[in-house]
Amino acid sequence: MNARRSSLFRESSFFDDFFFGFFFDDDFSNGRTEIGTRFDDKLRGTNGRDRLEGRGGDDEIDGRGGRDRLLGGSGDDEIDGDSGDDEIRGDSGSDEIDGDSGDDDYS
Numbered sequence: 135m136n137a138r139r140s141s142l143f144r145e146s147s148f149f150d151d152f153f154f155g156f157f158f159d160d161d162f163s164n165g166r167t168e169i170g171t172r173f174d175d176k177l178r179g180t181n182g183r184d185r186l187e188g189r190g191g192d193d194e195i196d197g198r199g200g201r202d203r204l205l206g207g208s209g210d211d212e213i214d215g216d217s218g219d220d221e222i223r224g225d226s227g228s229d230e231i232d233g234d235s236g237d238d239d240y241s
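With our numbering applied, the sequence shown corresponds to residues 135 to 241, in that order.
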């Protein structure tokens, strides 16, 4: 891998989202698993059953439809469960959690 691609990998949030979304997809039709970094991430789910984990940083996590497991991790996260019966965990930090419609489990 040349230096330019290495630099793009570290600095581009678009590429990071694509990289993690592509390599950690469980099933494109039924949902996905995406794991963020120690930096600020934007994670987006599908209408299927997703597992989105922000880890460090101030993350924006949007589960969209389906029964999702959304984990903020450390940092001040914004987590939106959207529709579906979701499990939402903020962890440490000052988090904003919106379950939206559905029977959600918060902590």
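Glycine residues also receive a C-beta, built at the ideal position from the N, C-alpha and C atoms.
Straight-line Cα distance separating G236 from D171: By 1-based counting over the sequence shown, the position of residue 171 is 37. By 1-based counting over the sequence shown, the position of residue 236 is 102. Residue 171 is actually Thr in this sequence, not Asp. A direct Cα-Cα distance of roughly 28 Å separates T171 from G236.
Residue environment, R185, which counts as buried when at least 16 other CB atoms sit within 10 Å: By one-based count along the sequence shown, residue 185 stands at place 51. R185 is buried by the Cβ-count criterion.
Nearest to K176 (by Cα), restricted to the options E168, E194, G227, D234: For the purposes of this step, residue 176 is identified with residue 42 of the sequence shown, where counting begins at 1. Per the Cα distances, E194.
Pairwise C-alpha distance: G207 and G191: Position 57 of the sequence shown holds residue 191. Position 73 of the sequence shown holds residue 207. Spanning the two alpha carbons is a distance of roughly 8 Å.
Own chain partners of N164 with C-beta closer than 7 Å, once the 5 adjacent residues on each side are dropped: Locating residue 164 in the sequence shown gives position 30, counting from the first residue. Once the five neighbours on either side are set aside, the close Cβ partners of N164 are G182, R183.
C-alpha distance - G199 paired with D238, whole-angstrom precision: Position 65 of the sequence shown, counted from the first residue, corresponds to residue 199. Position 104 of the sequence shown, counted from the first residue, corresponds to residue 238. When rounded, the distance between both Cα atoms is 12 Å.
Straight-line gap, D219 to E230 (C-alpha atoms, nearest Å): Your numbering for residue 219 matches position 85 in the sequence shown. Your numbering for residue 230 matches position 96 in the sequence shown. Cα-Cα distance, rounded: 18 Å.
D214 vs D232 beta-carbon contact at 7 Å: Residue mapping note: residue 214 aligns to position 80 of the sequence shown, counting from 1. Residue mapping note: residue 232 aligns to position 98 of the sequence shown, counting from 1. Yes, these two residues count as a Cβ contact at 7 Å.
Spatial neighbours of D174 in its chain, beta-carbon cut-off 7 Å, leaving aside the 5 residues before and after: Numbered from 1 along the sequence shown, position 40 holds the residue referred to as residue 174. Same-chain partners within the cutoff: G191, D192, D193.
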